[in-house]
Every structure is written in C-alpha cells, then in structure tokens.
C-alpha cells in the first residue's frame, strides 16, 4: 500500500529500552499508540526495542512522543528518526506517490559482497 496515498506518509523509527520482563509496556505500545506499524525486540546495543510509527505529518512527532510517555511509561526513548520519503520498500522501487515503479530483486541466499 502506498504510504502517501494512505494518509500516513511519514514513519518515525524509535529505538528504546524496555525492561525484558515488562510485557505490559510492549502490549501498550501495540494496543494504545496510534500508528504503530512495527514493534520488535532487538539486540546488539543499549536499545532492545524498535518501533515504526506512521504519522500524518511532522507535527505529529512530538505528539507521538507524549503518547509514548503516557501509554508506555516503561519505555525509555534512546533515539528517533523520521523517514520523510521512502525510495524503496520490500524490494519495490517507489514513485513520488509511493506506488511501485519497479522491482529490485532480493536474493536472500546470495553471498555477502566483499568489503574493500
């Protein structure tokens, strides 16, 4: 689905920390924070939770942070990033309206390229 045409053109990625035993915070993120599209546990650094939250406009970014604090007080926000426009999504090149304009084949079994 085209994000711009859906009315939710922006995505805010939020890296956070939630106590690993705190299931109620994760449940709140999924159930009560509007626009939550991705909520996953991650590893490899201080952040252990990654969220993707869709938004109608940039003005919603601070509102979303207030909602996160109210609905999921167990979440400690460590970093955030706003994606203004996606050029590619799930192997599809996107046009200005976010519609598929081409394909970039994804070979998940390919060998990793050599780094020079």
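In this note's numbering, the protein residues as written are 280 to 395. The beta-carbon is built from N, C-alpha and C at its ideal position, and this holds for glycine as well. Remember, it's a predicted structure, so these values are computed and weren't measured experimentally.
Euclidean distance between Cα positions of residue i and residue j
| i | j | result |
| --- | --- | --- |
| residue 386 | residue 380 | 19 Å |
| residue 363 | residue 299 | 31 Å |
| residue 334 | residue 394 | 36 Å |
| residue 315 | residue 305 | 11 Å |
| residue 283 | residue 374 | 11 Å |
| residue 382 | residue 367 | 9 Å |
| residue 285 | residue 336 | 12 Å |
| residue 320 | residue 327 | 5 Å |
| residue 281 | residue 352 | 32 Å |
Assigned exposure category for residue i - 16 Cβ within 10 Å defines buried
| i | result |
| --- | --- |
| residue 389 | exposed |
| residue 291 | buried |
| residue 376 | exposed |
| residue 369 | exposed |
| residue 332 | buried |
| residue 289 | buried |
| residue 391 | exposed |
Anticipated Cβ contact below 8 Å, residue i with residue j, distance rounded
| i | j | result |
| --- | --- | --- |
| residue 361 | residue 340 | 6 Å |
| residue 294 | residue 357 | 5 Å |
Neighbourhood of residue i by C-beta, 6 Å cutoff - its chain only, sequence neighbours within 5 removed
| i | result |
| --- | --- |
| residue 318 | 308, 309, 330 |
| residue 346 | 312 |
Proximal residues to residue i (C-beta, below 8 Å), its chain only, five neighbours per side dropped
| i | result |
| --- | --- |
| residue 350 | 307, 308, 311, 312 |
- Task: Only counting runs of 4 or more residues, tell me where the alpha helix (DSSP H) segments fall wholly within the segment 315-362, in order along the chain.
- Result: 339-350
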